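*Asks:*
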Amino acid sequence: MRIFRHVPALAALLSAAACIPYATGTTALTTPRGEMEPSASVYFIPGGLERLTVDSVGGSYFGIDSEMRMGLDDRSDLGIRAAGWMGLVLNYKHRIDGRPGAEGPALSYMVGTGVVNAGEHAYLEASLLASGRPGGGEAGATPYGGIKTMYVLPLTDEAVSDDPSVGAFAGLRIGTEAFAISPEIAVFYDRSALDVRDSDWIIVPSFTFHGDELMRRIFGSRPGSGTPRPGYPRPWP
Numbered sequence: 068m069r070i071f072r073h074v075p076a077l078a079a080l081l082s083a084a085a086c087i088p089y090a091t092g093t094t095a096l097t098t099p100r101g102e103m104e105p106s107a108s109v110y111f112i113p114g115g116l117e118r119l120t121v122d123s124v125g126g127s128y129f130g131i132d133s134e135m136r137m138g139l140d141d142r143s144d145l146g147i148r149a150a151g152w153m154g155l156v157l158n159y160k161h162r163i164d165g166r167p168g169a170e171g172p173a174l175s176y177m178v179g180t181g182v183v184n185a186g187e188h189a190y191l192e193a194s195l196l197a198s199g200r201p202g203g204g205e206a207g208a209t210p211y212g213g214i215k216t217m218y219v220l221p222l223t224d225e226a227v228s229d230d231p232s233v234g235a236f237a238g239l240r241i242g243t244e245a246f247a248i249s250p251e252i253a254v255f256y257d258r259s260a261l262d263v264r265d266s267d268w269i270i271v272p273s274f275t276f277h278g279d280e281l282m283r284r285i286f287g288s289r290p291g292s293g294t295p296r297p298g299y300p301r302p303w304p
């Protein structure tokens with residue numbers, strides 16, 4: 068079909084325009100000290116390529132990120148994220164609300180840096196996150212939200228320059244320590260450096276899947292996660 072003639076150009080365009088972590092996918096709670104939690108995020112940008120008309124290819128696109136969070140102490144954790152599988156981002160989250168335990172509402176900041184778009188751009192991010200009291204029961208729900216700024220800087224002569232992306236997000240983490248899902252919606256002011264859409268505003272729905280059960284279902288085995296967390300099962304960051 069004629070569409071296959073455009074696949075290389077379309078792939079190059081997507082790698083230049085989309086590989087930053089639009090989905091936050093975490094609450095303000097931090098991963099407990101010494102423990103690790105994997106996650107995977109799928110996000111969509113309706114109309115993100117509205118000026119691109121390639122036969123029957125639509126004007127929207129999606130991205131996939133994977134992340135591992137590691138608890139450092141009672142107030143902080145560290146995340147390593149594969150952004151669109153074409154970049155690597157390291158971020159640090161720290162609770163600032165005076166409640167180091169997992170109970171109750173939480174407030175945290177998160178900052179990060181890395182490389183994205185197959186090494187063509189350096190990446191910087193900063194977020195302020197708030198989340199409500201974790202829900203009880205075997206499949207509790209924790210509301211969360213915040214504000215986020217992302218910025219990329221060219222590392223090669225061919226890489227395009229871009230303005231910062233600034234937005235707000237809200238989500239709900241539903242599930243347990245072993246497996247949870249976080250539907251999320253975000254709105255960003257995000258000028259298109261490649262001029263592939265008319266609007267500078269984008270809406271980004273996403274779904275993030277968390278927990279050791281995620282790894283078991285993908286790889287067929289469940290990695291050890293240390294001692295059981297207090298109050299298990301319940302939602303975690």
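Residue numbers (our numbering): 68 to 304. Here a beta-carbon is modelled for each residue, glycine too, at the ideal position from N, C-alpha and C. Note that the coordinates shown come from a computational prediction; the quantities given were computed from them, not determined experimentally.
Note down the Cα distance separating ASP141 from ILE87, rounded to an integer number of angstroms.
*Replies:* Along the sequence shown, read from residue 1 onward, the residue named residue 141 stands at position 74. Along the sequence shown, read from residue 1 onward, the residue named residue 87 stands at position 20. If you take the alpha carbons of ASP141 and ILE87, they lie about 29 Å apart.
*Asks:* Specify the secondary structure class of CYS86 as computed by DSSP and reduced to three states.
*Replies:* Here residue 86 refers to the residue found at position 19 of the sequence shown. Note: CYS86 maps to coil in three-state DSSP.
*Asks:* Spatial neighbours of PHE129 within its chain, please: C-beta separation below 6 Å, excluding the five flanking residues on both sides.
*Replies:* If you number the sequence shown from 1, residue 129 lands on position 62. So the qualifying residues of the chain are PHE111.
*Asks:* In the DSSP assignment, find the beta strand (DSSP E) that holds VAL233 and state where it starts and stops.
*Replies:* The count along the sequence shown starts at 1 and reaches residue 233 at position 166. 232-242 is the extent of the beta strand (DSSP E) around VAL233.
*Asks:* Which residues does DSSP list as the beta-bridge partners of PRO272?
*Replies:* In the sequence shown, residue 272 corresponds to position 205, counting from 1. BP columns for PRO272 point to ILE252.
*Asks:* By the three-class DSSP mapping on this structure, what secondary structure does ASP224 have?
*Replies:* Working through the sequence shown from its first residue, we reach residue 224 at position 157. DSSP places ASP224 in coil when its eight states are reduced to three.
*Asks:* Tell me whether TYR89 counts as near the ligand MN, meaning its Cβ is closer than 7 Å to at least one heavy atom of that ligand.
*Replies:* The ligand MN is absent from the structure shown, which contains no ligands of any kind.
*Asks:* Tell me, please, which residues DSSP counts as bridged to ALA150.
*Replies:* Here the question's residue 150 lines up with position 83 in the sequence shown. Answer by DSSP bridge pairing: none, since ALA150 is not bridged.
*Asks:* Taking the beta strand (DSSP E) that THR180 belongs to, which residues open and close that run?
*Replies:* Indexing the sequence shown from 1 puts residue 180 at position 113. First-last of the beta strand (DSSP E) with THR180: 173-183.
*Asks:* Note down, in chain order, each residue of its chain lying with its Cβ closer than 7 Å to the Cβ of ASP230, except the 5 sequence neighbours on either side.
*Replies:* Position 163 of the sequence shown, counted from the first residue, corresponds to residue 230. Here the set comprises ARG258.
*Asks:* Is the beta carbon of SER175 closer than 8 Å to that of LEU196?
*Replies:* Numbered from 1 along the sequence shown, position 129 holds the residue referred to as residue 196. Numbered from 1 along the sequence shown, position 108 holds the residue referred to as residue 175. Their beta carbons are under 8 Å apart, which means LEU196 touches SER175 by this criterion.
*Asks:* For LEU191, write down the residues that DSSP places opposite it in a beta bridge.
*Replies:* Position 124 of the sequence shown holds residue 191. According to DSSP, which records beta bridges pairwise, LEU191 is partnered with THR180 and TYR218.
*Asks:* By alpha-carbon positions, which one of PRO172, ASP279, TYR256 and GLY154 ends up nearest to ILE270?
*Replies:* Residue numbering aside, residue 270 sits at position 203 when the sequence shown is read from its first letter. Here the closest residue by C-alpha is TYR256.
*Asks:* Where does GLU104 fall in DSSP's three states?
*Replies:* In the sequence shown, the residue the question calls residue 104 occupies position 37. DSSP places GLU104 in strand when its eight states are reduced to three.
*Asks:* On the CB-based measure, 16 or more other CB atoms within 10 Å of its CB, does ILE248 come out buried or exposed?
*Replies:* Position 181 of the sequence shown, counted from the first residue, corresponds to residue 248. So ILE248 ends up on the buried side.
*Asks:* Taking the alpha carbon of PRO210 as the reference point, which residue from VAL233, VAL219, THR243 and GLU251 has its own alpha carbon closest?
*Replies:* Against the sequence shown, residue 210 aligns to sequence position 143. The shortest Cα separation from PRO210 among VAL233, VAL219, THR243 and GLU251 belongs to GLU251.
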